[in-house]
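Residue numbers (our numbering), protein chains in the order written: chain A, 478 to 757; chain B, 288 to 697.
Every residue gets a Cβ at the ideal spot worked out from N, C-alpha and C, and that includes glycine.
From a predicted model like this one, the values you see are computed outputs, not experimental measurements.
Data first, discussion second: the structure below is written as structure tokens.
In structure tokens form, the structure reads like this:
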């Protein structure tokens with residue numbers, strides 16, 4: 478589970494690093510991914526595994542539109558307090574999307590068909606193939622994004638903007654295009670995470686709330702602005718969740734995570750692998 | 288000369304005094320308009336405060352709202368009540384009692400509702416029931432199970448449906464009949480979940496001492512139950528039954544994951560939340576995992592569906608395209624009809640008058656006669672409580688098919 482929620486952390490980190498804003502509607506992209514998988518597979522009559530690409534595509538498109546209509550003003554116009562504006566607008570968007578989803582898709586759970594039916598026995602522990610597939614695909618997506626950021630021209634531009642925005646601008650980077658792509662990519666990652674987990678946990682209008690919180694936990698622990706930190710943070714969150722649930726009680730798992738998050742904020746606010754933010 | 292500072296000091300005092308006067312005047316004006324008696328109404332308003340958004344059970348809430356809307360539409364087509372049309376005032380109860388109570392206050396003080404249905408989860412219903420003591424209005428409950436809703440003896444609250452101590456006790460009879468002795472329960476962290484589980488435990492102590500119940504408290508909103516399922520899988524011996532005392536969507540996810548992990552092949556899954564068992568999307572959500580699951584209902588094959596019951600089913604089908612599947616909707620329909628009868632018979636919308644009438648009512652509803660017990664013994668749950676309910680145990684034996692009655696068979 479930690480691997481999959483790492484995708485949430487990765488998307489949040491991407492947006493924060495490049496655009497310096499927190500997207501509170503991020504959980505709703507997760508939700509749209511689940512619905513996209515469900516409706517793509519049921520309306521087209523194709524297996525869920527073949528319908529999977531529709532999910533990140535949906536997230537990408539919705540995020541692109543949101544960025545263009547609502548977020549762009551934070552860095553192109555003289556809005557006082559653009560970060561607070563982004564916070565409020567994305568929070569409002571989250572509520573809007575949840576209600577919109579309920580109106581469009583109804584109040585019922587929607588469960589896409591399995592990627593791969595059946596279970597596998599791994600070290601005396603039964604796990605469904607869906608979970609195995611979800612982990613494999615999440616790791617693959619993570620690796621792809623990492624290579625994209627490190628090796629491609631756009632990825633290098635992202636790194637430049639994250640490190641020194643005015644410097645990047647001075648070198649002729651098109652900030653609108655860069656930010657739009659970053660925001661859309663983060664939406665794509667959240668939708669992919671939602672689609673990967675939809676056959677396991679179903680999807681409904683408020684399904685994105687918990688993954689959003691997990692995403693924030695991951696980036697605080699792993700480090701805001703660090704891709705590797707998102708992966709490490711995801712693994713740590715998943716591990717703590719399992720250990721506390723297994724050895725103490727599941728009721729205390731969330732509490733333990735929040736206490737650890739608070740500890741990081743106090744002792745090491747940059748997280749395990751995050752760096753200090755330079756503001757020019 | 289410090290004339291300016293002396294002048295500014297006086298100005299500051301004046302400013303403070305002026306501010307206090309303005310605030311006091313504003314409060315007075317607002318209070319006046321809020322308490323102003325409403326003009327004589329051309330309509331009679333009924334309130335529906337019910338879950339309409341997650342994480343509350345908005346699936347059931349929307350069905351309750353649909354029932355109320357259908358009722359208002361039907362009643363208005365018959366000429367309304369006392370020559371006036373009915374109007375519905377709706378609000379989302381959420382899972383926050385303060386939100387529901389605020390809605391109640393607004394509906395009673397500003398909208399002047401004469402009756403209320405809909406508060407659903409007991410964690411909200413109970414505080415709203417308590418609040419009717421401050422905001423007097425007749426409130427009907429049909430599927431909120433916390434004993435306190437009636438055992439607290441609220442003057443204006445009437446329950447036309449089941450309650451925890453009844454449900455838990457009745458279920459023990461089935462467990463004994465089936466020979467199940469070891470039960471693990473997933474218990475929703477709410478007054479419904481914990482209350483029902485407590486009733487189950489108490490029923491076992493009184494009627495079936497061999498029964499051993501282990502509970503696992505589940506906070507609402509969770510989606511992954513791997514830790515609990517792992518613990519159950521490690522039990523020696525495995526339990527006979529895994530009980531799910533959680534509402535939609537959590538209850539559905541638990542049943543699904545019990546199947547995903549293969550546990551439901553070795554233990555009997557017993558759903559103790561009818562809205563999970565009778566979810567219209569049951570098979571879509573659970574697929575093969577829904578086969579073999581046992582649940583209970585408070586309506587069975589021998590449930591008498593009277594002429595009124597048939598009428599309700601026909602109305603629902605013509606408006607919503609399928610028969611109502613949730614038994615509580617019948618009881619909400621009856622509650623609204625009883626409210627209308629009380630208003631017409633007493634020619635009054637005064638809550639005290641209506642409450643007195645309802646205490647003595649004998650109403651032939653959709654499923655039989657409804658009367659309320661009025662035991663004044665402090666703490667007795669038999670206060671404004673209908674006792675005509677029975678529990679029936681069903682099982683889904685074949686994929687895609689309706690559930691079949693397995694207990695009682697006679």
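Would a check of beta-carbon distances place residue i closer than 7 angstroms to chain B?
| i | result |
| --- | --- |
| residue 597(A) | no |
| residue 480(A) | no |
| residue 617(A) | no |
| residue 518(A) | no |
| residue 714(A) | no |
| residue 697(A) | no |
| residue 603(A) | yes |
| residue 757(A) | Interpretation of residue 757(A) is limited by its pLDDT of 48, a score under 50 that renders its predicted location unreliable; no figure is taken from the coordinates. |
| residue 668(A) | no |
Any Cβ of chain A within less than 7 angstroms of the Cβ of residue i?
| i | result |
| --- | --- |
| residue 611(B) | no |
| residue 337(B) | no |
| residue 294(B) | Residue confidence is low: residue 294(B) scores 49 on pLDDT, short of 50, so the model does not pin down where it sits. Its coordinate-derived value is still stated next. It does not; no Cβ of chain A falls within 7 angstroms. |
| residue 530(B) | no |
| residue 581(B) | no |
| residue 572(B) | yes |
| residue 291(B) | Note that residue 291(B) scores a pLDDT of 45, beneath 50, so its modelled location is shaky and nothing firm can be said. |
| residue 568(B) | yes |
| residue 661(B) | no |
| residue 536(B) | yes |
| residue 342(B) | yes |
| residue 283(B) | Outside the modelled stretch of chain B, which goes from 288 to 697, sits residue 283(B), for which no answer is possible. |
Give the range of the beta strand (DSSP E) segment to which residue i is assigned.
| i | result |
| --- | --- |
| residue 437(A) | Residue 437(A) lies beyond the range of chain A shown here (478 to 757); nothing can be said about it. |
| residue 426(B) | 425-428 |
| residue 378(B) | 372-379 |
| residue 334(B) | 330-337 |
| residue 673(B) | Taken as a continuous stretch (DSSP letters only), residue 673(B) belongs to no beta strand (DSSP E), as it is neither H nor E. |
| residue 691(B) | 691-694 |
| residue 363(B) | Note, residue 363(B): premise wrong, no beta strand (DSSP E); alpha helix (DSSP H) at 345-364. |
| residue 556(B) | 555-558 |
| residue 648(B) | Unbroken run through residue 648(B): none, as it is neither H nor E. |
| residue 596(A) | 596-599 |
In terms of residue numbering, what span does the alpha helix (DSSP H) encompassing residue i cover?
| i | result |
| --- | --- |
| residue 620(B) | 614-633 |
| residue 644(A) | 642-647 |
| residue 697(A) | 686-699 |
| residue 544(B) | 537-547 |
| residue 402(B) | Looking at the DSSP string, residue 402(B) is not in any alpha helix (DSSP H); the run it does join, the beta strand (DSSP E), is 402-404. |
| residue 745(A) | Counting along the chain, residue 745(A) falls outside any alpha helix (DSSP H), and DSSP gives it neither H nor E. |
| residue 674(A) | 652-678 |
| residue 487(A) | 479-496 |
| residue 599(B) | 594-607 |
| residue 388(B) | 384-396 |
Is residue i buried or exposed, if buried means 16 or more other CB atoms sit within 10 Å of its CB?
| i | result |
| --- | --- |
| residue 548(A) | buried |
| residue 584(B) | buried |
| residue 666(B) | exposed |
| residue 529(B) | buried |
| residue 514(B) | buried |
| residue 333(B) | buried |
| residue 610(B) | exposed |
| residue 651(A) | exposed |
| residue 534(B) | buried |
| residue 553(B) | exposed |
| residue 310(B) | exposed |
| residue 565(B) | buried |
| residue 522(A) | exposed |
Between residue i and chain D, is there a C-beta pair that is closer than 7 angstroms?
| i | result |
| --- | --- |
| residue 447(B) | The chain inventory of the structure shown lacks chain D, comprising the protein chains A and B. |
Between residue i and the ligand NAD, is there a pair consisting of the residue's CB and a ligand heavy atom that are separated by less than 6 angstroms?
| i | result |
| --- | --- |
| residue 485(A) | With respect to small molecules bound, the structure shown includes none, and the ligand NAD cannot be examined in it. |
If the cut-off is 8 angstroms on Cβ atoms, which residues from the stretch 567-585 of chain A count as contacting chain B, listed in chain order? 575, 576, 579, 584 and 585
Go through the stretch 496-535 of chain B residue by residue and report every complete run of the beta strand (DSSP E) that reaches 3 residues or more, in order. 499-505 and 528-532
Runs of 4 residues minimum, wholly inside the stretch 508-568 of chain A: which ones carry the alpha helix (DSSP H) assignment? 525-528, 531-543 and 550-553
Scan the stretch 676-688 of chain A for residues whose Cβ lies nearer than 8 angstroms to a Cβ of chain B and list them as they occur along the chain. 677, 678, 679, 681, 682, 683, 684, 686 and 687
3 or more residues per run - each beta strand (DSSP E) lying fully within the stretch 560-585 of chain B: 581-584
If we require 3 or more residues per run, which beta strand (DSSP E) segments fall completely within the stretch 419-501 of chain B? 425-428, 444-446 and 469-475
May I ask you to list, following chain order, the residues of the stretch 509-528 of chain B that have a beta carbon less than 7 angstroms from some beta carbon of chain A? 510, 511, 514, 515 and 517
Using a Cβ-Cβ cut-off of less than 9 angstroms, list which residues of the stretch 529-563 of chain A approach chain B; keep chain order. none
Cβ-based contacts, 7 angstroms cut-off: residues of the stretch 482-514 of chain A near chain B: none
Give me the subset of the stretch 730-749 of chain A whose CB atoms are less than 8 angstroms from a CB atom of chain B, sorted by chain position. 730 and 731
Taking only beta carbons into account, state which residues of the stretch 541-567 of chain B come closer than 9 angstroms to chain A, listed in chain order. 543, 544, 547, 548, 549, 550, 566 and 567
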